[in-house]
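Under the working numbering, think of the first position of the sequence shown as 4, with each following residue one higher.
In this text, a Cβ means the ideal position worked out from N, Cα and C, and glycines have one as well.
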Amino acid sequence: MKLEYQDCGTNIALFLDGEKEEIEQKHMSLWNHGATKSELEWVNEHRAYMWTTKQKLLKALVNANLFGLLGVLKTVEEYKGIKGGLLPKARELADVEFSGIEKVAKQFAKWNSAAIAEEFVVNYQGNSASPFERGQMLYHGTVQPS
């Protein structure tokens, strides 16, 4: 599974790429550990995203790693009596995991210049029916013939 995030100011969009089942499992894990309360939004059958903040995501990664470490009896015994217990190790693992998430940009851009130019041609020729296809949602000026 591959994770990417886009920083959108206060919130981030966390993109999950992989098989549907593993995407849903990762989302549930992050949900259960407090990273999000948002539903999973599917981009296609192998890509989805959810909304969170960096702080919530890091906290969820720490919690998930802590519970993972607690599930291994051998690890628990190794850290018994050490100040902070497993928490410092869980934080370290979460930092490594977060640093492995690629920061991306413009994942929500739907139009490129060729698509916009095509919309203008459709608008000028008058071959479309919807306001969006007529270009009213894209451009409010006038289109002059060449």
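What would DSSP say about F18, mapped onto helix, strand or coil?
Numbered from 1 along the sequence shown, position 15 holds the residue referred to as residue 18. It is a strand residue.
Three-state class that DSSP yields for Q9 in the structure shown
Looking up residue 9 in the sequence shown gives position 6. DSSP places Q9 in the strand class (E or B) of the three-state scheme.
Secondary structure at T78, three-state DSSP: helix, strand or coil?
For the purposes of this step, residue 78 is taken as the residue at position 75 of the sequence shown. Correct three-state label for T78: helix.
Alpha carbon to alpha carbon, what distance is there between A16 and T55?
Along the sequence shown, one-based indexing puts residue 55 at 52. Along the sequence shown, one-based indexing puts residue 16 at 13. If I take the Cα positions, the gap works out to 7 Å.
Residue closest to M31, alpha-carbon to alpha-carbon, out of A51, V46, G88
As a working mapping, residue 31 is identified with position 28 in the sequence shown. Of the candidates A51, V46, G88, the one whose C-alpha sits nearest the C-alpha of M31 is A51.
Could you please give me the residues that DSSP links to K106 through a beta bridge?
What you label residue 106 is simply residue 103 of the sequence shown in a count that begins at 1. K106 pairs with Y8.
Give me the residue from A63, K40, G37, I26 with the minimum Cα distance to H49.
Here the question's residue 49 lines up with position 46 in the sequence shown. Considering only alpha carbons, the answer is I26.
Same chain, Cβ closer than 6 Å to S41, neighbours up to 5 away in sequence not counted
Within the sequence shown, the letter at position 38 stands for residue 41. Excluding sequence neighbours, S41 sits near M53, W54.
I need the DSSP call for E44, collapsed to helix, strand or coil.
Position 41 of the sequence shown, counted from the start, is the residue given in the question as residue 44. Of the three classes helix, strand and coil, the one that applies to E44 here is strand, per DSSP.
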